[in-house]
Amino acid sequence: MFHSIEHVQRHRGFGIVVVCIALLSLLASACAPQPGAQTGPGGTKTGGVAGGTAQTSSAPTFPTTPPALRTPSFGSAGQIAPTVKVLASVDPTLIIQFPLSPSSIKTLFPKASGLVTVMQGNPAISVFDTITVDVQNMPPNVKFTVFLIEIATKPFGHAEYVGDVITRGDGTGESTFHLITFVAFAADARQANVTSADQSGDASGIQLEHLGMWFDGVDNARKALNDPTIAGTPFDGGGGALHAGPQAMTDGQTLPVI
């Protein structure tokens, strides 16, 4: 059958319209909310649960006010060194600080100084304390050993190795250690019934309530202090019993600092 050109064009235009309507219907179906979900502001789906009960999401919240600080008690007059400062902290944290002063290095490095910060977290769950040792104006490029000690100056008594501090070229250095500090003590199982007390209570041994720093090697000490006659000490783990140098820094207190 013969159709005019005009008839064919009308038929083709009608088909295009039908196809467009079908595509629009599919697009509308895809954009429609699914069962069990609700559309929130801006077209965002908020989700739902069985039975048609909708769940709305909430943005995370953050504290808008700083936590309350308090300055806890730590020892008392006659029980703790006057150089110890207790910092304000959030309960139940305890943070103390005390200075270090030069001992064997005082003549050549009179401006040497140190600050020790000890932090105790929640004692109910914490298994160690955190110590930060920060020094200034020290002999440069030298490694020092840090010890908890029974007595701040000679003869030092019992001691416990903590770790090392290595100074930079400008004489500064710092290290952070994790270990039991506030209740540190040295025990000797050969001695029965040896106990000692401090502000934390009794210990089955000798309390270690002071802190000192030593040259890790006697040769380093002789070079830094320009004295070849300096004798060795045991305050380092390698190179023989008298491998280390003299004490460089100390808290210098008679009363406990920790």
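Residues in the sequence shown are numbered from 5 upward in steps of one, following this note's numbering.
Note that the Cβ used here is the ideal one computed from N, Cα and C, for glycine as well.
From the DSSP output, in three-state form, read off K147 for me. It is a strand residue.
Taking the CB atoms as reference points, tell me whether T149 and H182 lie closer together than 8 angstroms. Annotated as distal: T149 and H182, with beta-carbon spacing of 8 angstroms or more.
Using a Cβ-Cβ cutoff of less than 8 angstroms, which residues in the same chain neighbour G167 once the five nearest sequence positions on both sides are dropped? Here the set comprises T149, V150, S179, F181.
Determine the burial state of D255: buried for a count of at least 16 other Cβ atoms within 10 Å of its Cβ, exposed for fewer. Counting C-beta atoms within 10 angstroms of its own C-beta, D255 has 16 or more neighbours from the protein chains shown and is therefore classed as buried.
Could you please give the first and the last residue of the uninterrupted alpha helix (DSSP H) stretch that includes A225? First-last of the alpha helix (DSSP H) with A225: 222 to 228.
Between P103, A245, D95, which has its C-alpha nearest A128's C-alpha? Distance from the Cα of A128 is smallest, within the candidate group P103, A245, D95, for D95.
Identify the continuous beta strand (DSSP E) that holds Q258 and give its terminal residues. Residue 258 is actually Thr in this sequence, not Gln. For T258, there is no enclosing beta strand (DSSP E), as DSSP marks it with neither H nor E.
From which residue to which residue does the beta strand (DSSP E) around M217 run? Element bounds for M217: 214 to 219.
Would you mind sorting A41 into buried or exposed? The rule is 16 or more other CB atoms within 10 Å of its CB. Bear in mind that the predicted position of A41 carries a pLDDT of just 49, short of 50, making it unreliable; the figure below should be weighed with that in mind. Exposed is the call here.
Does the count of Cβ pairs from the segment 227 to 242 and the segment 77 to 84 closer than 8 angstroms reach three? No: the two stretches stay apart, fewer than three of their Cβ pairs being nearer than 8 angstroms.
Going by DSSP, what residues sit across from T180 in a beta bridge? Looking at the DSSP output, T180 sits in a beta bridge with T136.
Best match in N145, I153, D206, N197 for proximity to D220 [C-alpha to C-alpha]: Ranking the options by Cα distance to D220, first place goes to N145.
Given that a residue counts as buried once 16 or more other Cβ atoms are within 10 Å of its Cβ, and exposed if not, what is G249? Counting Cβ neighbours within 10 Å, G249 comes out buried, since at least 16 surround it.
Kindly list the residues whose CB is nearer than 7 angstroms to the CB of E164, restricted to its own chain and excluding five residues on each side of it in sequence; keep chain order. Listed in chain order, the non-local C-beta contacts of E164 below 7 angstroms within the same chain comprise F151, L152, A188, A190, L212, local neighbours out to five positions each way being set aside.
A235 versus M253: straight-line alpha-carbon distance, rounded: Computed Cα separation, rounded: 17 angstroms.
When you compare only the Cα positions, how much space is there between P76 and T136? Each residue's Cα considered, the two are about 20 angstroms apart.
What residues in its chain sit with their C-beta under 7 angstroms from that of F113, if we drop five residues either side in the sequence? The residues are P106, N141, M142, P143.
C-beta atoms of L73 and A92 nearer than 8 angstroms: Contact: yes.
Beta carbon of V88, beta carbon of V261: below 8 angstroms? Their beta carbons are under 8 angstroms apart, which means V88 touches V261 by this criterion.
Can you tell me whether DSSP reads V131 as helix, strand or coil? Coil, per DSSP.
Mapping the DSSP letters down to three states, classify K115 as helix, strand or coil. The answer is coil: DSSP assigns K115 none of H, G, I, E or B.
Reference T171; option with closest CA among S62, A228, P64: Scanning S62, A228, P64 for the CA closest to the CA of T171 turns up A228.
Could you tell me the alpha carbon to alpha carbon distance between L120 and Q101, rounded to whole angstroms? Just to set this straight, residue 120 is Val in the shown sequence, not Leu. In this model, V120 and Q101 are separated by some 5 angstroms (Cα to Cα).
Roughly how many whole angstroms lie between the Cα atoms of P70 and N126? Rounded to the nearest whole angstrom, the C-alpha separation of P70 and N126 is 19 angstroms.
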